[in-house]
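Throughout the sequence shown, residue numbering follows my numbering, covering 96 to 324 in sequence.
Beta carbons: idealized from backbone N, C-alpha and C, even for Gly.
Quick caveat: nothing in here was measured; it's all calculated off a predicted structure.
To start, the structure under review is shown below, and the notes come after it.
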Amino acid sequence: MPTLSRHESVFVLRFSEPENPADAPDNAFSPDFLDSLDAAFDEVEASEGPAALVTTGAGKFYSNGLDLSVVASDPAGLPAYVSRAQRVFARVLRLELPTVAAVNGHAFGAGAMLALSHDHRVMRADRGFWNLPEAQLGMPFPPGMNALITTRLPHTVASTAMLTSKRYAADEAIAAGIAHEAAEADAVLDRAITVAAEMAPLRSANYAGIRTGLVAGALSHLDEPITRL
C-alpha cells in the first residue's frame, strides 16, 4: 500500500515499499490503493508552507493501472470503478502544489495517465515503458481519460499512443513530450526530489489556478461520472 514521507519541502508518495524491489507489486488501482492515495493527498493538502509532491513505485513498475481482477470480477461496477480512477487524476491536477512523477519502471494504462497528471515526469533511462494498451486489450477510452491524454500530449503523439498501443522507452517518451527527462535507475527518485524542491516555493492557489486553466477541458470530463463503457 502507498506510504507518504516528507523530505524538507518535498512529500514522497511511494506506491509500494518492499524490502526486496524484486518483490514489488505492480501498483494496480485496487479500491484500497485508490483510498490510500486519497488519504495521502488529504495529508499533503493539510500541510503548510512551500511544498511539492513526488510519486514513485518500486522495482519494475510505477503503476500497471486498472486492476484487471476488479474489472473481471464486477463488470456491472466497471463504470463506477473507472470514474473513481478518473477522480484521482483530477485530484492530482487540482493540488495547490507542484507534482513530479518519478517513473521508476513500467507505467501502463491508467498508470500512464496518472503520470501524465503530474507537472513534471522523470523516467528511468535503462528500462521500463510508458504505454496505453487499451486498443490491444479491446478497452475504450472514456471521455475523461481521452481528454486527459489529448490535453497533456501533442495530438499526433496522443493518436499514435492511443490507436497503436506503442510502448515508449524513456528516450522516445522524451522526444514525444510524454516525459521531461530521464535518469539512471538509482537516480530517478533523487532527481525527481531535486526538481520538486526547486518547484516547492511555487505552491499557491495561483499555481493551481494556472494549471487548472491549462487542463480545464480535461477536468470537466474527468469530473463527470461514467454511466457506461
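Between Ser254 and Gln231, the CB-CB gap reaches or exceeds 7 angstroms. Closest in alpha carbon position to Leu173, among Leu284, Leu314 and Phe236, is Phe236. Straight through space, the alpha carbons of Tyr263 and Thr151 are spaced by roughly 18 angstroms. Only exposed fits Ile305, as fewer than 16 other CB atoms lie within 10 angstroms of its CB. Arg219 is bridged by DSSP to Ala278. Contact check between the segment 218–232 and the segment 169–184: fewer than three CB pairs, one atom from each, fall below 8 angstroms, which does not count as touching.
For Ala147, the secondary structure class from DSSP, reduced to helix, strand or coil, is strand. For Asn226, the closest of Ala256, Pro249, Thr246 and Asp214 by C-alpha to C-alpha distance is Ala256. Spanning the alpha carbons of Glu112 and Ala205 requires a straight line of approximately 20 angstroms.
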